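For what it's worth, my numbering labels the leading residue of the sequence shown as 1, then goes sequentially.
Cβ coordinates follow ideal geometry from the N, Cα and C atoms, glycine included.
Only a predicted model underlies this, so the values are computations on that prediction, with no experimental measurement involved.
First comes the structure, then the notes that go with it.
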Amino acid sequence: MRTDSSPGTLPAREHLPAGDAGTPVLDVVIPVYNEEKDLQPCVLRLHDHLKRTFPYAFRITIADNASTDTTPRVASRLEAELPAVRSFRLEQKGRGRALRTVWSASDAPILAYMDVDLSTDLNALLPLVAPLISGHSDLAIGSRLARSSRVVRGTKREFISRSYNLILRGSLHARFSDAQCGFKAIRRDVAQILLPMVEDTGWFFDTEMLVLAERAGLRIHEVPVDWVDDPDSTVHIVKTATDDLKGVWRVGKALASGCLPLDRLARPFGDDPRDREIEDVPGGLARQLVGFCVVGGLSTLFYLLLYSGFRVFTGSQLANALALLVSAVANTAANRRLTFGVRGRSGAVRHQAQGLVVFGIGLALTSGSLAALNAAGSDPAHSTELAVLIAANLAATVLRFLLFRAWVFPDRRDDTGPAVLAPQPPLSYGPLPLRTPHPTYDTDRFRAGEAADGNWRDATLQLQPVRPHETESREYR
Numbered sequence: 001m002r003t004d005s006s007p008g009t010l011p012a013r014e015h016l017p018a019g020d021a022g023t024p025v026l027d028v029v030i031p032v033y034n035e036e037k038d039l040q041p042c043v044l045r046l047h048d049h050l051k052r053t054f055p056y057a058f059r060i061t062i063a064d065n066a067s068t069d070t071t072p073r074v075a076s077r078l079e080a081e082l083p084a085v086r087s088f089r090l091e092q093k094g095r096g097r098a099l100r101t102v103w104s105a106s107d108a109p110i111l112a113y114m115d116v117d118l119s120t121d122l123n124a125l126l127p128l129v130a131p132l133i134s135g136h137s138d139l140a141i142g143s144r145l146a147r148s149s150r151v152v153r154g155t156k157r158e159f160i161s162r163s164y165n166l167i168l169r170g171s172l173h174a175r176f177s178d179a180q181c182g183f184k185a186i187r188r189d190v191a192q193i194l195l196p197m198v199e200d201t202g203w204f205f206d207t208e209m210l211v212l213a214e215r216a217g218l219r220i221h222e223v224p225v226d227w228v229d230d231p232d233s234t235v236h237i238v239k240t241a242t243d244d245l246k247g248v249w250r251v252g253k254a255l256a257s258g259c260l261p262l263d264r265l266a267r268p269f270g271d272d273p274r275d276r277e278i279e280d281v282p283g284g285l286a287r288q289l290v291g292f293c294v295v296g297g298l299s300t301l302f303y304l305l306l307y308s309g310f311r312v313f314t315g316s317q318l319a320n321a322l323a324l325l326v327s328a329v330a331n332t333a334a335n336r337r338l339t340f341g342v343r344g345r346s347g348a349v350r351h352q353a354q355g356l357v358v359f360g361i362g363l364a365l366t367s368g369s370l371a372a373l374n375a376a377g378s379d380p381a382h383s384t385e386l387a388v389l390i391a392a393n394l395a396a397t398v399l400r401f402l403l404f405r406a407w408v409f410p411d412r413r414d415d416t417g418p419a420v421l422a423p424q425p426p427l428s429y430g431p432l433p434l435r436t437p438h439p440t441y442d443t444d445r446f447r448a449g450e451a452a453d454g455n456w457r458d459a460t461l462q463l464q465p466v467r468p469h470e471t472e473s474r475e476y477r
């Protein structure tokens with residue numbers, strides 16, 4: 001079931017159009033805390049690199065996390081000397097808080113950040129943001145763990161980084177390779193809806209943002225980077241690791257409970273063959289069959305294990321009913337998310353109720369089979385019972401798929417015909433509309449932080465490849 005046409009979804013990704021100059025295409029944020037020594041050479045080097053190599057207008061924003069040394073004065077001096085540099089002062093620490101605050105206030109369609117030590121080779125910056133400008137991807141991250149990356153760092157940090165990413169893959173089923181690399185970018189229209197869902201304000205901010213984006217089906221582009229670790233890093237490894245593990249537990253619980261409206265981040269994926277209307281071919285049927293078979297196989301195994309366990313304590317009919325009930329609830333939830341692509345809690349209770357009706361049909365088939373078996377013989381063997389139940393479940397499975405597809409999770413259809421995505425307004429050679437969250441979306445429940453509430457706004461941007469020093473506005477929004 002496609003959910004792309006719901007009111008809160010994002011528009012289709014498009015290449016950012018060329019137009020009048022004025023608004024920077026890229027806003028690179030550098031979060032700093034007590035970096036009076038490294039800030040100026042970092043900003044000068046980054047500014048020179050962007051001025052020479054980046055074909056669009058850009059901005060560099062220094063996000064000061066309540067520094068207690070002369071970092072604010074250095075930032076102010078750089079802002080006064082370089083027209084493409086802005087400084088922003090926060091009175092509270094936290095890299096996540098700094099990124100969310102600046103990204104929420106920025107008017108640039110592409111938002112990025114990098115660490116002040118510039119551990120990443122700057123030649124990776126354009127490959128990082130190019131897929132976002134072209135409309136290919138929603139987020140982009142630098143990866144130190146890609147095969148073609150070249151990394152120089154100590155054994156301890158290498159071990160911690162790889163262990164952390166293994167934890168993410170095992171606990172949150174993350175597929176991106178490097179969550180903690182300080183080199184990331186995001187499209188602003190995605191950030192408008194995604195950032196209010198991200199609760200962390202510290203180092204776990206990156207991971208939480210990526211996990212939610214991936215679970216919502218957004219496209220994350222990975223760029224292999226050359227990385228030289230900073231031996232003078234002030235990151236407290238033990239405290240950061242502890243906070244990260246707490247974050248993994250919190251996000252895992254939120255995803256398991258389904259309390260995050262990730263369906264608001266759904267978007268059509270451009271020229272997706274699944275979005276086309278083709279005669280005599282039901283949309284998504286092959287994919288749904290594969291997903292249903294996988295879920296069905298696992299559900300059948302789960303059911304048989306439950307039946308064998310319940311059979312020790314009770315009769316065959318009651319054991320069958322209990323095992324089928326538990327496995328049916330799990331089967332409906334898994335098919336809802338994995339086979340038919342329904343996200344969020346909207347309609348979940350109704351879907352489970354309809355799934356229980358389908359369960360009743362399956363119960364009638366399997367119970368009838370057991371009754372027939374018991375009538376044929378007074379004490380059938382346990383292996384015979386299992387064989388009969390497997391055959392009955394195969395018949396019930398075919399009926400279950402048909403009912404799920406036609407009744408429980410039907411394709412969305414309009415009044416005139418098959419389900420098709422509403423066309424999005426063309427963006428080439430014109431303004432780029434950036435959509436705000438749906439009016440009924442309560443961002444407060446996600447504790448988005450001081451900057452997220454009230455800062456989302458509509459914007460129409462017109463962009464042109466220019467040199468930033470020629471047209472850059474002094475106003476920082």
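Each of R405, S148, I62, T53 was checked against the Cα of A112, and the nearest Cα belongs to I62.
Ranking V74, R89, I220 by CA distance to the CA of E35 puts V74 first. DSSP links D138 through a beta bridge to no other residue. One Cα belongs to E199, the other to F401, and the distance between them is close to 38 angstroms. Remark: fewer than three beta-carbon pairs, one from each stretch, lie closer than 8 angstroms, so the segment 200-216 and the segment 145-155 are not flagged as touching.
The alpha carbon of V294 has as its nearest neighbour, out of K93, P24, E158, T397, the alpha carbon of T397. Rounded to the nearest angstrom, the Cβ distance from V43 to I60 is 6 angstroms, consistent with a contact under 8 angstroms. For T71, the uninterrupted alpha helix (DSSP H) run begins and ends at 71-81, by DSSP. Per DSSP, the continuous beta strand (DSSP E) segment holding N65 begins and ends at 58-65. Counting along the chain, the unbroken alpha helix (DSSP H) around S308 starts and ends at 285-311.
Taking the C-beta atoms as reference points, D121 is found no nearer than 9 angstroms to D38.
Within the same chain, and ignoring the five residues on either side of G135 in sequence, the residues whose Cβ sits closer than 6 angstroms to its Cβ are R13, E14, H15.
Taking a C-beta distance under 9 angstroms as the contact criterion, L125 and H49 qualify as a contact pair.
Cβ contact annotation for L172 (same chain, cutoff 8 angstroms, sequence separation greater than five): V211, V248, V251, G252, L255, in chain order. With contact defined as three or more Cβ pairs closer than 8 angstroms, the segment 329-344 and the segment 294-307 are in contact.
Contact between P380 and L386 is ruled out by a C-beta separation of about 10 angstroms, above the 8 angstroms threshold. Annotation: Q317 to S367 spans about 7 angstroms, alpha carbon to alpha carbon. Shown here for T53: same chain residues with a beta carbon closer than 7 angstroms to its own, the five before and five after excluded, namely L126 in chain order.
The shortest C-alpha to C-alpha distance from A391 to any of L304, Q352, A375 is the one to L304. Here A185 is bridged, per DSSP, to A112, A140. Counting of Cβ neighbours within 10 angstroms places S257 among the exposed residues, the total staying below 16. Distance between Y307 and G315, taken at the CA atoms: about 10 angstroms.
For L128, the uninterrupted alpha helix (DSSP H) segment begins and ends at 125-133. Excluding its 5 nearest sequence neighbours in each direction, L324 has C-beta neighbours in its own chain below 7 angstroms: Y303, F359, G362, L363, T366, listed in chain order. Per DSSP, E158 lies in no beta strand (DSSP E) segment; the continuous alpha helix (DSSP H) that holds it begins and ends at 155-171.
Per DSSP, the unbroken beta strand (DSSP E) holding H221 starts and ends at 220-224.
When the Cα atoms are used, A376 and S177 turn out to be separated by approximately 58 angstroms. Contact between E214 and R153 does not hold, since the beta-carbon distance rounds to 25 angstroms and is not under 8 angstroms.
Its chain contains S87 as the residues whose beta carbon lies nearer than 7 angstroms to that of S76, once the 5 sequence neighbours on both sides are disregarded; these appear in chain order. Closest in C-alpha terms to N393, from the list W407, R405, L370, V408, comes L370. V223 and L128 do touch by the CB rule: their CB atoms are close to 5 angstroms apart, below 8 angstroms.
Taking C-alpha positions only, T155 is separated from S106 by approximately 38 angstroms.
For L16, the secondary structure class from DSSP, reduced to helix, strand or coil, is coil. Per DSSP, P31 lies in no alpha helix (DSSP H) segment; the continuous beta strand (DSSP E) that holds it begins and ends at 26-32. When DSSP reads this structure, T207 sits in no beta bridge, so it has no partner.
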